[in-house]
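Numbering (the UniProt record's numbering), first residue to last: 1 to 300.
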């Protein structure tokens, strides 16, 4: 056996040995993770420290911590087979600074994640809007990011560091504010009576959706009044409003039912809806036709 063959066989042996050790170590970690997840599931099934939504959030975070811990442990174990970890950490120097800058965003996400979980800003199952753009139901919360499912079915993964503003539709209570504009030809007194009828109907049909304290509705549906005259340039008419305080989980469905009752009453009583404004730009018409249109206050 020549030296080249011996060297090749030696390195093959070392490679196979290291691969076997790494595989066994990875299997041990996976087994540990599997057993730990089962223990976590058993603990939360048997305990009653948290309500259902908080329990899902805590489980999600604990699993996330274990997941990151296993990955980091595997990486360090693999590196330790080739270099001295202690010596590497002691002599990191500039490399440590570079890694620190690279990990800055990761650390920011983790710190903000822990802060938000501590403040209980949201939990798994909440319907939220992030940064005024993306809306959906929270499916998973980890220490680094959050996953929300949009109504369309798309799954969004958002790092905690990119979340600047959160609107939570499942915090305490929600106020339904339904505004509707009708024609100036309608009698305001008649519309007021119709909207009071709508409020009574909604309070009867949607009684279970109202927000209550000690079984007493805090703010049942009620007619507010005329909230604006000619509210925008698109339509001409009065703007009326009815409001009601409902349970957060019932907000969207109840809003749709209120609109249905509102339009049913209006259709039954043939209420005139507002007319659209029409703007005529004389300069444009002159350019098209070549004719001169008289100005207000001037004679032809």
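From the three backbone atoms N, C-alpha and C, an ideal C-beta is built for every residue, glycine too.
Beta-carbon separation (whole angstroms), residue 307 vs residue 209, contact threshold 8 Å: This structure does not reach residue 307, given that the chain is present from 1 up to 300, and the question cannot be answered.
Residue 226 to residue 236 span [Cα, whole Å]: Going from the Cα of residue 226 to the Cα of residue 236 covers about 14 Å.
Proximal residues to residue 192 (C-beta, below 7 Å), its chain only, five neighbours per side dropped: Excluding sequence neighbours, residue 192 sits near 223.
Distance, residue 169 Cα to residue 266 Cα: In this structure, the alpha-carbon of residue 266 lies about 29 Å from that of residue 169.
Cα-Cα separation, residue 131 to residue 165: Computed Cα separation, rounded: 5 Å.
Top-ranked residue by Cα proximity to residue 163, from 35, 108, 195 and 32: Closest option to residue 163, Cα to Cα, is 108.
Residue nearest to residue 66 in terms of C-alpha spacing, selected from 259, 214, 75 and 36: Of the candidates 259, 214, 75 and 36, the residue whose Cα lies closest to the Cα of residue 66 is 36.
Per DSSP, the bridge partner or partners of residue 182: According to DSSP, residue 182 bridges with 238.
Segment limits, beta strand (DSSP E) that includes residue 130: From DSSP, the beta strand (DSSP E) with residue 130 extends over 127-130.
Start and end residues, alpha helix (DSSP H) containing residue 188: Unbroken alpha helix (DSSP H) run through residue 188: 188-205.
Cut-off 6 Å between Cβ atoms - residues of its own chain near residue 63, not counting five sequence neighbours on either side: Contacts found: none.
For residue 211 and residue 177, the rounded distance between their alpha carbons: In a straight line, the C-alpha of residue 177 is about 14 Å away from that of residue 211.
Distance, residue 145 Cα to residue 337 Cα: Beyond the ends of the chain as shown, which are 1 and 300, falls residue 337; an answer cannot be given.
From 184, 42 and 69, residue whose alpha carbon lies closest to that of residue 30: Comparing Cα positions, the closest option is 69.
Nearest residue (CA-CA) to residue 72, options 197, 183, 26 and 115: Ranking 197, 183, 26 and 115 by Cα distance to residue 72 puts 26 first.
Residue 261, buried or exposed, once every other Cβ within 10 Å from all chains shown has been counted against 16: So residue 261 counts as buried.
Boundaries (first-last residue) of the beta strand (DSSP E) holding residue 226: Unbroken beta strand (DSSP E) run through residue 226: 222-229.
Contact set for residue 259: own chain, Cβ-Cβ below 7 Å, skip 5 residues either direction: Cβ neighbours of residue 259 beyond the five flanking positions: 178.
Sufficient close CB pairs (3 or more, under 8 Å) joining the segment 180-191 to the segment 211-221: In this structure the segment 180-191 does not touch the segment 211-221; the number of beta carbon pairs closer than 8 Å is below three.
Backbone secondary structure at residue 145 - three-state DSSP: Secondary structure of residue 145 (DSSP, three-state): strand.
Element boundaries [beta strand (DSSP E), containing residue 163]: For residue 163, there is no enclosing beta strand (DSSP E), as DSSP gives it neither H nor E.
Residue burial classification, residue 32 (beta-carbon count within 10 angstroms, cutoff 16): Classification for residue 32: exposed.
Buried versus exposed, by CB contacts within 10 Å (16 or more), residue 254: Answer is buried; the Cβ neighbour count reaches 16.
Cα-Cα separation, residue 180 to residue 150: Rounded to the nearest whole angstrom, the C-alpha separation of residue 180 and residue 150 is 28 Å.
Where residue 137 falls: helix, strand or coil (DSSP): Assignment of residue 137 by DSSP, reduced to helix, strand and coil, places it in the strand class.
Collapsed DSSP secondary structure at residue 167 in the structure displayed: Of the three classes helix, strand and coil, the one that applies to residue 167 here is strand, per DSSP.
Per-residue DSSP class, three states only, for residue 124: It is coil, neither helix nor strand.
Spatial distance of residue 42 from residue 257 (CA atoms): Residue 42 and residue 257: Cα-Cα distance of roughly 41 Å.
Extent of the continuous alpha helix (DSSP H) run through residue 262: DSSP places residue 262 inside the alpha helix (DSSP H), whose first and last residues are 251-268.
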